[in-house]
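> Could you have a look at this structure, given as structure tokens, before my questions?
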Amino acid sequence: MDQALKKDLKIFATKLRMGAIEAVFNAASGHPGGSISIAELLSYLYNVEMRIDPKNPKDENRDRFVLSKGHGAPGVYAALALKGYFPYEDLKTLRKSDSYLQGHPSMTYIPGIDMSTGSLGQGISAAVGMALSAKYQKKDFRVYTILGDGEIEEGQVWEAAMFAANKKLDNLVAIVDYNNLQIDGELDEVNSPYPIKEKFEAFGWNAIEINGHCFDDIENAFNEAKACKGKPTCIVAKCVKGKGVSYMENQCNWHGAAPNAEQYEVAMNELRSALKELEA
Amino acid sequence: MADIIKKATRDAYGEALAELGKVNDNFVVLDADLAKATKTGTFKAAFPERFFDCGIAESNMMGIAAGLATTGLTVFASSFAMFAAGRAFEQVRNSIGYPHLNVKIGATHAGVSAGEDGASHQCNEDIALMRTIPGMTIINPADAVEAKQAVFAAAEIDGPVYLRFGRLAVPVIFDENYKFEIGKGNLLKEGTDCTIVATGLLVNEALIAAEELKNEGISVDVINMATIKPLDVDLLVSSAKKTGCVVTAEEHNIIGGLGGAVCEALSENYPVPVIRVGMNDVYGKSGNGALLLKEFGLCAENLKAQVKKAIELK
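Structure, rendered in structure tokens:
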């Protein structure tokens with residue numbers, strides 16, 4: 000990948016993490032771990048991969064994004080704010096009763112959100128429906144959805160996977176945030192969905208395993224997905240839950256807890272120095 | 000009396016979709032491996048490229064319907080009521096209802112008249128489930144004529160609609176002059192002693208009951224309440240003011256369906272005695288659909304008895 004682009008994407012990812020932490024801190028609730036684990040994936044999607052126009056969020060030919068793991072909303076909201084879909088300052092209103100920034104994505108209230116999600120397992124079905132619509136209407140938009148690795152314990156995910164392969168939806172990319180942690184512990188201690196890549200392959204998908212924080216990996220995977228005809232692609236992205244905030248990394252208890260004031264300062268200082276280093 | 004023509008509302012559903020397909024090219028139809036039974040197969044035969052079978056995966060079908068609808072298409076999604084409203088309830092609630100998407104759920108084999116398949120397939124809970132979803136319109140047509148018009152009307156309005164159809168061939172009670180309107184009940188017979196508010200195949204039974212009661216000197220209003228949500232409260236209240244008591248009639252649990260809706264509306268607007276005729280909070284069982292209706296009291300005879308009881312409660 001071009002070094003200048005990579006730098007920009009890293010800066011965006013870092014700012015996205017800051018936005019997500021800002022939002023969750025001000026809300027005093029939310030899901031930071033799974034919001035910042037996908038920062039690089041969102042950075043690439045919103046800056047390179049997707050054909051989108053923040054000034055025309057309802058353009059019928061836009062690429063679609065569905066956050067199937069809806070609890071990662073602060074990450075997506077930060078991406079949308081950085082892209083200009085709504086004011087960055089609004090991130091601080093997350094989860095407040097007078098805010099449009101709902102705890103989980105709502106297409107009704109939030110510019111740039113293509114599908115209301117939050118109940119795990121449902122977003123991928125909607126993404127499949129969007130991809131089917133593109134094929135049916137002979138439109139060339141593509142559809143992207145991010146799932147949690149714990150989320151794929153939901154049976155509906157596999158109903159959707161089966162259908163998407165049967166209908167040859169090669170305009171659909173599902174990305175699994177493979178961080179090995181869910182609320183009750185490590186995945187295989189709870190209810191193992193492993194092996195993820197092989198399962199999607201068995202369901203008829205093109206599946207690629209990558210480092211979800213490496214932009215070269217991410218770029219290659221999305222390019223391979225685009226080149227793959229006749230099959231949907233699953234990108235199994237090995238991620239670190241809480242990536243970018245030292246004390247949150249790989250810690251299950253940061254799935255759904257907000258930092259206190261002191262923790263917030265530590266997190267923001269870490270991210271600010273990361274940003275400074277990148278911008279130097 | 001002229002010969003009674005019988006037709007299942009699910010047959011009208013399939014025919015209506017195929018007919019609507021000719022004049023409206025902005026909708027697609029989904030099914031979950033039941034196209035022959037739900038009669039969406041009639042549409043599939045006419046417009047194969049606009050029909051998608053989702054297989055035996057109703058939850059996913061509702062999500063796919065939602066996704067299609069976000070791109071501007073209207074979607075009819077069909078299965079048996081048990082699976083459309085029951086199994087996929089939360090998908091309907093979260094993926095379709097919450098974003099208020101243009102998905103029209105065509106649910107067939109509703110109620111005990113589904114017959115021989117037995118209790119596992121006889122959905123008596125769907126109206127109750129769907130009523131709790133904000134913004135959901137619920138239509139339970141009385142016959143094939145109304146069913147067809149309901150399909151056309153559902154396609155015209157914005158937002159989710161739950162269309163409830165039956166397996167059993169039932170008498171056609173409306174002629175070509177009938178005009179269905181969402182949210183409007185019809186006063187089919189006028190009386191002064193009691194109001195029967197009926198929906199679905201119980202409307203015909205209500206009409207029979209009204210005729211027979213007339214011979215006993217009892218006159219009743221018969222309201223066809225095809226749209227259960229939004230309920231025609233004005234018509235209901237005006238009739239209750241006149242007659243002073245109400246009997247509801249539906250092929251559904253007496254809890255949460257038309258009976259529940261009528262009680263809620265009357266208690267807040269004009270309280271009068273109400274007796275609910277429906278499945279008395281029990282499961283159905285295997286058997287001939289028409290006979291089961293009688294066995295569970297979903298018939299003119301029981302309605303007559305309940306009307307007399309309601310009058311005594313005044």
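Chains A and B, in that order, are what the protein sequence lines are.
Sequential numbering of the first sequence, starting at 0, is according to numbering that gives the first Met the number 0.
Sequential numbering of the second sequence, starting at 0, is according to numbering that gives the first Met the number 0.
Beta carbons: idealized from backbone N, C-alpha and C, even for Gly.
Treat the numbers as computed from the prediction; the structure is a model and nothing was measured.
#1: If contact means a Cβ-Cβ distance below 8 Å, which residues of the segment 118-142 of chain B contact chain A?
#2: So is T107 (chain A) in contact with chain B if we call contact Cβ pairs under 8 Å?
#3: Tell me whether T131 (chain B) is buried or exposed, calling it buried when 16 or more other Cβ atoms sit within 10 Å of its Cβ.
#4: Is there contact here, the segment 147-156 of chain B with the segment 266-274 of chain A, by at least three beta-carbon pairs under 8 Å?
#5: My assumption, with CB atoms under 8 Å, is that G54 (chain B) sits in contact with F162 (chain A). Please give the rounded CB distance.
#6: Could you work out which residue in A:K242, A:N249 and A:V265 is closest to S36 (chain A) when comparing CA atoms only?
#7: Taking a contact to mean a Cβ-Cβ separation below 8 Å, would you say V276 (chain B) touches G259 (chain B) in this structure?
#8: Could you work out which residues of chain A lie near S77 (chain B), taking near to mean beta carbons separated by less than 7 Å?
#9: Please identify, using Cβ separations under 7 Å, the residues of the segment 66-95 of chain B that lie next to chain A, in order along the chain.
#10: Give the straight-line distance between the Cα atoms of R92 (chain B) and G256 (chain B), rounded to the nearest whole angstrom.
#11: Is any beta-carbon of chain A found at less than 8 Å from that of D32 (chain B)?
#12: Report the residues of the segment 95-110 of chain B with a CB closer than 8 Å to any CB of chain A, ordered along the chain.
#13: Extract the residue ranges of the beta strand (DSSP E) inside the segment 27-108 of chain A, only unbroken runs of 3 or more that lie entirely within it.
#14: Kindly indicate which three-state DSSP category K240 (chain A) falls into: helix, strand or coil?
#15: As an exercise, report each continuous beta strand (DSSP E) stretch of at least 3 residues that is fully enclosed by the segment 25-101 of chain B, in chain order.
#16: Along the segment 111-131 of chain A, where does the CB come closer than 9 Å to a CB of chain B? Name the residues.
#17: If you measure from the beta carbon of G62 (chain B) to each beta carbon in chain A, is any gap under 8 Å?
#18: Consult DSSP for C298 (chain B) and reduce its assignment to one of helix, strand or coil.
#19: Taking Q155 (chain A) as the query, report the chain B residues whose CB atoms sit under 9 Å from its CB, ordered along the chain.
#20: Identify the residues that DSSP records as bridge partners of T194 (chain B): which are they?
#21: Cα separation between A248 (chain B) and G13 (chain B)?
#22: Could you please give me the residues that DSSP links to P170 (chain B) through a beta bridge?
#23: From the beta carbon of Y135 (chain A), is the nearest beta carbon of chain B less than 8 Å away?
#24: Taking only beta-carbon atoms, is E269 (chain A) less than 8 Å away from chain B?
#25: Note the first and the last residue of the continuous beta strand (DSSP E) segment covering Y269 (chain B).
#26: Less than 8 Å between the C-beta atoms of T107 (chain A) and S67 (chain A), yes or no?
#27: Can you list, in chain order, the residues of its chain whose CB lies under 6 Å from that of V172 (chain A), leaving out five sequence neighbours each side?
#28: CB L167 (chain B) to CB G105 (chain B), shorter than 8 Å?
#29: Identify which residue in B:K6, B:F75 and B:G110 has its Cα closest to the Cα of K284 (chain B).
#30: If we count the other Cβ atoms within 10 Å of its Cβ and call it buried at 16 or more, is G229 (chain A) buried or exposed?
#31: Determine the direct distance from the alpha carbon of V144 (chain B) to that of D174 (chain B), and round the result to whole angstroms.
#32: Against chain B, with Cβ distances strictly below 8 Å, would F162 (chain A) count as a contact?
#33: Apply the 10 Å Cβ neighbour rule to Q2 (chain A) and answer buried if 16 or more other Cβ atoms are within range, or exposed otherwise.
#34: Taking Cβ-Cβ distances shorter than 8 Å, what residues in chain B pair up with E59 (chain A)?
#35: Beta carbon of K240 (chain A), beta carbon of G74 (chain A): below 8 Å?
#36: Compare the C-beta of E158 (chain A) against all C-beta atoms of chain B and say whether one is closer than 8 Å.
In short:
#1: none
#2: In the first sequence, counting from the first residue as 1, residue 107 (chain A) sits at position 108. It does: the Cβ of T107 (chain A) has a partner Cβ on chain B nearer than 8 Å.
#3: Looking up residue 131 (chain B) in the second sequence gives position 132. Result: exposed.
#4: no
#5: In the second sequence, counting from the first residue as 1, residue 54 (chain B) sits at position 55. In the first sequence, counting from the first residue as 1, residue 162 (chain A) sits at position 163. Indeed they touch by this definition, with Cβ atoms about 7 Å apart.
#6: Counting from one through the first sequence, the residue named residue 36 (chain A) turns up at place 37. Taking only the C-alpha atoms, the option nearest S36 (chain A) is A:K242.
#7: As a position in the second sequence, residue 276 (chain B) is number 277, starting the count at 1. As a position in the second sequence, residue 259 (chain B) is number 260, starting the count at 1. For V276 (chain B) and G259 (chain B), no; Cβs fall outside 8 Å.
#8: Against the second sequence, residue 77 (chain B) aligns to sequence position 78. Neighbours of S77 (chain B) on chain A: none; closest Cβ ~15 Å, over 7 Å.
#9: G66, L67, T69, T70, G71, L72, E89, Q90, N93 and S94
#10: Reading the second sequence from its first residue, position 93 is the one you call residue 92 (chain B). Reading the second sequence from its first residue, position 257 is the one you call residue 256 (chain B). Each residue's Cα considered, the two are about 17 Å apart.
#11: By one-based count along the second sequence, residue 32 (chain B) stands at place 33. Taking Cβ atoms only, chain A never reaches closer than 8 Å to D32 (chain B), which makes this a no.
#12: Y97, P98 and H99
#13: 63-66
#14: The residue labelled residue 240 (chain A) in the question sits at position 241 within the first sequence. Coil at K240 (chain A), not helix or strand.
#15: 26-30, 50-52 and 73-79
#16: D113, M114, S115, T116, G117, S118, G120, Q121, G122, I123, S124, A125, A126, V127, G128, M129, A130 and L131
#17: In the second sequence, the residue the question calls residue 62 (chain B) occupies position 63. Yes, G62 (chain B) counts as interfacial toward chain A.
#18: By 1-based counting over the second sequence, the position of residue 298 (chain B) is 299. Looking at C298 (chain B) - three-state DSSP - the assignment turns out to be coil, as it is neither helix nor strand.
#19: Taking the first residue of the first sequence as 1, we reach residue 155 (chain A) at position 156. The contacting residues are A56, S58, N59, G62 and Q90.
#20: Residue 194 (chain B) sits at position 195 when you count from the first residue of the second sequence. The partner list for T194 (chain B) (beta bridge, DSSP) reads B:D220 and B:V245.
#21: If you number the second sequence from 1, residue 248 (chain B) lands on position 249. If you number the second sequence from 1, residue 13 (chain B) lands on position 14. Answer to the nearest angstrom: the Cα atoms are 26 Å apart.
#22: Walking along the second sequence from the start, residue 170 (chain B) turns up at place 171. P170 (chain B) pairs with B:K5.
#23: To locate residue 135 (chain A), count along the first sequence from 1; it is residue 136. Yes, because at least one Cβ of chain B sits closer than 8 Å to the Cβ of Y135 (chain A).
#24: Within the first sequence, residue 269 (chain A) is the residue found at index 270, counting from 1. Taking Cβ atoms only, chain B never reaches closer than 8 Å to E269 (chain A), which makes this a no.
#25: Stepping through the second sequence from its first residue, residue 269 (chain B) is reached at position 270. Taken as a continuous stretch (DSSP letters only), Y269 (chain B) belongs to no beta strand (DSSP E), as it is neither H nor E.
#26: Position 108 of the first sequence, counted from the first residue, corresponds to residue 107 (chain A). Position 68 of the first sequence, counted from the first residue, corresponds to residue 67 (chain A). No; because the gap between Cβ atoms is not below 8 Å, this pair is not in contact.
#27: Mapped onto the first sequence, residue 172 (chain A) falls at position 173. Cβ neighbours of V172 (chain A) beyond the five flanking positions: Y143, A224 and T232.
#28: In the second sequence, residue 167 (chain B) corresponds to position 168, counting from 1. In the second sequence, residue 105 (chain B) corresponds to position 106, counting from 1. No, the pair does not count as a contact, with Cβ atoms beyond the cut-off.
#29: Start at 1 with the first residue of the second sequence, and residue 284 (chain B) comes out as number 285. Cα-wise, what sits closest to K284 (chain B) is B:G110.
#30: The residue labelled residue 229 (chain A) in the question sits at position 230 within the first sequence. Flag for G229 (chain A) reads exposed.
#31: The residue given as residue 174 (chain B) occupies position 175 in the second sequence. The residue given as residue 144 (chain B) occupies position 145 in the second sequence. C-alpha separation (whole angstroms): 7 Å.
#32: For the purposes of this step, residue 162 (chain A) is identified with residue 163 of the first sequence, where counting begins at 1. It does; some Cβ of chain B falls within 8 Å.
#33: Against the first sequence, residue 2 (chain A) aligns to sequence position 3. By the neighbour-count rule (16 or more Cβ atoms within 10 Å), Q2 (chain A) is not buried but exposed.
#34: As a working note, residue 59 (chain A) is residue 60 in the first sequence. The answer, in chain order, is T70 and G71.
#35: The sequence position of residue 240 (chain A) within the first sequence is 241, counting from 1. The sequence position of residue 74 (chain A) within the first sequence is 75, counting from 1. In this structure, G74 (chain A) does not lie closer than 8 Å to K240 (chain A) by Cβ.
#36: Position 159 of the first sequence, counting from 1, holds the residue named residue 158 (chain A). It does: the Cβ of E158 (chain A) has a partner Cβ on chain B nearer than 8 Å.
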